[in-house]
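Student: Input: one structure, supplied below.
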Amino acid sequence: MNVNDPGSIRNVAFISHGGAGKTSLVETILFNAKATNRIGSVDNGTTIMDFDPVEIEKKISINAKVATISWRKNMINIVDTPGYANFLHETKVALSAVGGAVVIASAITGVKAETERVWKFAEEYDLAKLIFVNKMDKERADLFRALGDIEKSFGVTPIPIFLPIGKEENFKGIVDLVKMKAYIYPDEPTAEFKEAEIPSEMMDEVENYRTKLVEAVSETDDELIEKYLEGEELTEEEIKKGLREGTISKRFIPVLCGSAVKNIGSKFLLEAIIDYLPSPLEREYKVAVDTKTGEEVPVRPEGKNFMGFVFKTFIDPFAGKLTIFRVYSGELTNDSEIYNPNKGEFEKVNQLYLLQGKNFIKTDKIIAGQIAMINKLKYTTTFDTLCDKKCTLQFKPVEVPEPVISFSLQPKSKEDEDKVSNGLHKLMEEDVGIRVGRDEQTNELLLSGMGQMHIEVVVEKLKEKFKVDVELKTPKVPYKETIKMSAKGQGKYKKQTGGRGQYGDVWIELQPLERGAGFEFEDKIVGGVVPKQYIPAVEKGIREAAKEGILAGFPMVDFKAILYDGSYHSVDSSEMAFKIAASMAFKKVAMEAKPVLLEPIMNIDVFVPEETVGTVLGDLNARRGRIINVEPQINGQHIRAQVPMAEILKYAPDLRSMTGGRGMFTMEFSHYEEVPTHIAEKIIAQAKAEKEKD
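Printed below as a string of structure tokens:
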């Protein structure tokens, strides 16, 4: 399966919402290209693309996978992508490695929210696109309704190049508007079909859409438009040339139709990928950055030096780390040494592989434009650059959406803590949408992801791959405490035990500081009433007491402690005594300084469809949010607001429900604010109850 010319390569991602039939269509294409001897079934768990145990169980794609096939002496690298909202970060990353996309639209449901999102990703990368309207054999299937939905949702001109013969359960073939031929398929999903006459009852419809096709094609070239206006027929080659030009320039989008499960139309999709989508030579070059000069450098497929970009990593329990990358320049052979400028390390390439889902195909060499895999690289991770000699060029990493939900992870067994940490570290290599960290205040291990299903899948993978069970809990809100006024007071610790006693006596003043100032300590002792060697102990005693606060066990912040008086005993005083005295003074004085509870406030950016703006705004207000701004966007509105963290710990599923899955949001920490009194009372009471329970 070797190629020597980047012009004979097509890299294409299959994208859509979940359940539109991407994986089923890829399985059919693999069968037609003789890469497999049977058509795999998602429902039966027999596909070669969805091979992860969690994918088989849930019957959905979770990871982006690659399948390399040959067709008409060309190499096609198909990337099958996830379509469910929780895993679309995988899709965005995969789209960075291709030159074109096939958008799968359902003939039943048309365009869904997730399709709109992945379409936007494809637009970010300026990808040429084809549309395949799938499930034409199903009840309520309607190509023309789907076309209207596509035009309305994406603001593009869809140009059908095939029309269906028959509807729903009677769907049996397609009409090719380029060749003006009909193809009838048998009931069994074989790769065969019969050429036939176009049904007479369809001729008016066929002529209408053929005219639209020819008009669109003629506008791509001055000679073609002149020929068309003079009433001359365009040849098949001229129509194909115009279709290619119009597709790559994004003037319009060719639309095919069929049924993946019946294997109707999938062979013609293969033809269209080669005929109308760009090769690596026709795509704009990829830009790398010179780390020494900061300059952007074009990396072209015609270049001689090898450069590649890692866009996916798999951790296989048997084969080890699998590194999947796209070559952008030069070529690479087995037994080579390559350099990773991100890590500053050299790597050994023992064997190169092409991919067909879960199957690996050995190859001797890969060239610019190809997608391939190397296993057991020591240092390389996702978004790293690879080159054939020590270089200073690096490709930019893909900007992955920030996680929208977090859960606290707790191993069911204390002995499993190391296993959990090791497993999460490896899963982070595999999934760039995961974030793992420990909250310094609550000491909880937090797992963040793109939605609850995403988090649950990570937990299932921990169990499946690393044999460790964890419990998921909603994370604690990191409240803090502070004071609102100044106060003074004494802390005196005196203890006599028969021998040497303990004595420490301090007078302190607490003063509020501006929000975010933290903690300050000032020594105002005059005349040595507290010896210098004990003053650090006083500061330490206040710091330690402040960590546990006085209202609900949360850290106290944004205050200044002034030590201004005290006394000592020449025999009984010690660092410990002054530390305890300082702690006593802090607790006493802080209670008199009008202590209050603080809560974290988040900046949130919400993108919603026009028709749901009122609902979302009302909901944000009900969550104690402050609306900062509302700006119009394409197909919706962009809402900026500030909302207490406690109110949006589980915002993702609520927003999906309010917007029919079309809403998106990002958030980040902004600042701390005082909690309203009636809410603070409940938080304090709950914290005390938990402390008593413990």
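The sequence shown begins at 19 in our numbering and counts up by one.
Glycine included, every Cβ here is placed at the ideal spot set by N, Cα and C.
(1) Going straight from the alpha carbon of residue 514 to that of residue 558, what length do you get?
(2) Residue 328 lies in the beta strand (DSSP E); which residues open and close that run?
(3) Would you call residue 453 buried or exposed, if buried means 16 or more other Cβ atoms sit within 10 Å of its Cβ?
(4) Do you know how far the Cα of residue 428 is from the Cα of residue 147?
(5) In whole angstroms, give me the CA-to-CA distance for residue 334 and residue 82.
(6) According to the Cβ coordinates, are residue 522 and residue 596 closer than 7 Å?
(7) Among 581, 325 and 203, which residue has its Cα nearest to the Cα of residue 284?
(8) Suppose contacts are defined by Cβ-Cβ distances below 7 Å. Is residue 616 in contact with residue 491 by that definition?
(9) Helix, strand or coil: which one does DSSP assign to residue 425?
(10) Which of the three DSSP states, helix, strand or coil, is assigned to residue 71?
(11) Beta-carbon within less than 6 Å of residue 378's beta-carbon, same chain only, minus the 5 sequence neighbours each way: which residues are those?
(12) Does residue 262 pass the burial test, meaning 16 or more other C-beta atoms within 10 Å, or should it be called exposed?
(13) Enumerate in chain order the residues of its own chain whose CB-to-CB distance from residue 195 is below 8 Å, with the five nearest sequence positions on each side excluded.
(14) Suppose only complete runs of 4+ residues qualify. What are the alpha helix (DSSP H) ranges in the region 667–698, listed by chain order?
(15) Below 8 Å, can you find three or more Cβ-Cβ pairs linking the region 152–169 to the region 121–128?
(16) Around the Cβ of residue 397, are there at least 16 other Cβ atoms within 10 angstroms (buried) or fewer (exposed)?
(17) Can you tell which of 405, 344, 314 and 321 has the C-alpha that lies nearest to the C-alpha of residue 355?
(18) Taking all protein chains shown into account, do 16 or more other C-beta atoms lie within 10 angstroms of the C-beta of residue 501, making it buried, or fewer, making it exposed?
(19) Can you tell me whether DSSP reads residue 24 as helix, strand or coil?
(20) Return the residue from the list 291, 193 and 505 that minimises the CA-CA distance to residue 613.
(21) Does the distance from the C-beta atom of residue 620 to that of residue 663 stay below 7 Å?
(22) Which residue wins for smallest C-alpha separation from residue 22, given the options 365, 552, 683 and 347?
(23) With distances taken from CA atoms, which of 200, 154, 207 and 168 is nearest residue 188?
(24) Taking Cβ to Cβ, would you say residue 590 is nearer than 7 Å to residue 535?
(25) Leaving out five residues before and five after residue 50 in sequence, what residues of the same chain have Cβ atoms less than 8 Å from its Cβ?
(26) Within 10 Å of its beta-carbon, does residue 55 have 16 or more other beta-carbons around it, so buried, or fewer, so exposed?
(27) If distances are taken between C-alpha atoms only, which option among 387, 361 and 340 comes closest to residue 367?
(28) Let me know the secondary structure DSSP gives residue 251 once reduced to three states.
(29) Let's test the definition: count the other Cβ atoms within 10 Å of the Cβ of residue 353 and tell me whether it reaches 16, buried, or not, exposed.
(30) Of all the options 183, 276, 338 and 199, which has the alpha carbon lying nearest to the alpha carbon of residue 219?
(31) Look at residue 607 and residue 528 and say whether their C-beta atoms are less than 7 Å apart.
(32) With distances taken between CB atoms, is the gap from residue 403 to residue 440 smaller than 7 Å?
(33) Which whole-angstrom value describes the C-beta separation of residue 604 and residue 560, a residue pair presumed to lie in contact below a C-beta threshold of 8 Å?
(34) Can you give the Cα-Cα distance for residue 461 and residue 292, rounded to whole angstroms?
(35) Skipping 5 residues on each side, what residues in its chain have a beta carbon closer than 6 Å to that of residue 145?
(36) Thinking just about the alpha-carbon of each residue, which of 701, 47, 222 and 350 is nearest to the one in residue 322?
Tutor: So, to answer that:
(1) Position 496 of the sequence shown, counted from the start, is the residue given in the question as residue 514. Position 540 of the sequence shown, counted from the start, is the residue given in the question as residue 558. Roughly 23 Å separates the two Cα atoms.
(2) Position 310 of the sequence shown, counted from the first residue, corresponds to residue 328. First-last of the beta strand (DSSP E) with residue 328: 325–334.
(3) In the sequence shown, residue 453 corresponds to position 435, counting from 1. By the C-beta density criterion, residue 453 is exposed, having fewer than 16 other C-beta atoms within 10 angstroms.
(4) Taking the first residue of the sequence shown as position 1, residue 147 is located at position 129. Taking the first residue of the sequence shown as position 1, residue 428 is located at position 410. Using only the alpha carbons, I get a separation of about 45 Å.
(5) The residue you call residue 334 lines up with position 316 of the sequence shown. The residue you call residue 82 lines up with position 64 of the sequence shown. Note on geometry: alpha-carbon atoms of residue 334 and residue 82 lie some 15 Å from one another.
(6) As a working mapping, residue 522 is identified with position 504 in the sequence shown. As a working mapping, residue 596 is identified with position 578 in the sequence shown. Using a Cβ distance threshold of 7 Å, residue 522 and residue 596 count as a contacting pair.
(7) In the sequence shown, the residue the question calls residue 284 occupies position 266. It is 203 whose Cα lies nearest to the Cα of residue 284.
(8) The residue you call residue 616 lines up with position 598 of the sequence shown. The residue you call residue 491 lines up with position 473 of the sequence shown. Cβ distance not < 7 Å, so residue 616 and residue 491 don't count as in contact.
(9) Taking the first residue of the sequence shown as position 1, residue 425 is located at position 407. Looking at residue 425 - three-state DSSP - the assignment turns out to be strand.
(10) Taking the first residue of the sequence shown as position 1, residue 71 is located at position 53. Here residue 71 carries a helix assignment [DSSP, helix/strand/coil].
(11) Here residue 378 refers to the residue found at position 360 when the sequence shown is read from its first residue. Setting aside the 5 residues that flank it on each side, residue 378 is surrounded in the same chain by 371, each with a C-beta closer than 6 Å to its C-beta; the list follows chain order.
(12) Reading the sequence shown from its first residue, position 244 is the one you call residue 262. Under a 10 Å Cβ-count criterion, residue 262 is classified as buried, with 16 or more other Cβ atoms of the shown protein chains found around its own Cβ.
(13) Along the sequence shown, read from residue 1 onward, the residue named residue 195 stands at position 177. Residues 178, 179, 180, 181, 224, 227, 228 and 231 of the same chain have their beta carbon placed closer than 8 Å to that of residue 195, with the five preceding and five following residues left out of the count.
(14) Complete alpha helix (DSSP H) runs here, min 4: 669–677.
(15) The region 152–169 vs the region 121–128: in contact.
(16) Position 379 of the sequence shown, counted from the start, is the residue given in the question as residue 397. When all chains shown are included, residue 397 counts as exposed.
(17) Within the sequence shown, numbered from 1, the residue matching residue 355 stands at position 337. Closest option to residue 355, Cα to Cα, is 405.
(18) Counting from 1 along the sequence shown, the entry for residue 501 is found at position 483. Of the other Cβ atoms in all chains shown, 16 or more fall within 10 Å of the Cβ of residue 501; this residue is therefore buried.
(19) The count along the sequence shown starts at 1 and reaches residue 24 at position 6. Note: residue 24 maps to helix in three-state DSSP.
(20) As a working mapping, residue 613 is identified with position 595 in the sequence shown. It is 505.
(21) Here residue 620 refers to the residue found at position 602 when the sequence shown is read from its first residue. Here residue 663 refers to the residue found at position 645 when the sequence shown is read from its first residue. For the 7 Å CB-CB criterion, residue 620 and residue 663 form a contact.
(22) Your numbering for residue 22 matches position 4 in the sequence shown. Minimum Cα distance to residue 22 is reached at 347.
(23) As a first step, residue 188 is located in the sequence shown; it is residue number 170 there, counting from the start. Of the listed residues, the one whose Cα sits closest to residue 188 is 154.
(24) In the sequence shown, residue 590 corresponds to position 572, counting from 1. In the sequence shown, residue 535 corresponds to position 517, counting from 1. Not a contact, by the Cβ cut-off of 7 Å.
(25) Start at 1 with the first residue of the sequence shown, and residue 50 comes out as number 32. Taken in chain order, the residues that qualify are 209, 281, 284, 285 and 288.
(26) Residue mapping note: residue 55 aligns to position 37 of the sequence shown, counting from 1. Exposed.
(27) The sequence position of residue 367 within the sequence shown is 349, counting from 1. If we check each option's Cα against that of residue 367, 340 comes out closest.
(28) Numbered from its first residue, the sequence shown carries residue 251 at position 233. Note: residue 251 maps to coil in three-state DSSP.
(29) Position 335 of the sequence shown, counted from the first residue, corresponds to residue 353. With fewer than 16 Cβ atoms within 10 Å of its Cβ, residue 353 is classed as exposed.
(30) One-based indexing of the sequence shown puts residue 219 at position 201. The residue among 183, 276, 338 and 199 with its C-alpha nearest the C-alpha of residue 219 is 183.
(31) The residue labelled residue 607 in the question sits at position 589 within the sequence shown. The residue labelled residue 528 in the question sits at position 510 within the sequence shown. Yes, the Cβ-Cβ distance between residue 607 and residue 528 is below 7 Å.
(32) To locate residue 403, count along the sequence shown from 1; it is residue 385. To locate residue 440, count along the sequence shown from 1; it is residue 422. Cβ distance not < 7 Å, so residue 403 and residue 440 don't count as in contact.
(33) Residue 604 sits at position 586 when you count from the first residue of the sequence shown. Residue 560 sits at position 542 when you count from the first residue of the sequence shown. For residue 604 against residue 560, the beta-carbon gap comes to about 5 Å, under 8 Å, which counts as contact.
(34) Working through the sequence shown from its first residue, we reach residue 461 at position 443. Working through the sequence shown from its first residue, we reach residue 292 at position 274. Counting only the Cα atoms, residue 292 lies some 55 Å from residue 461.
(35) The sequence position of residue 145 within the sequence shown is 127, counting from 1. Around residue 145: 118 and 119.
(36) By 1-based counting over the sequence shown, the position of residue 322 is 304. With respect to the C-alpha of residue 322, the residue from 701, 47, 222 and 350 having the closest C-alpha is 350.
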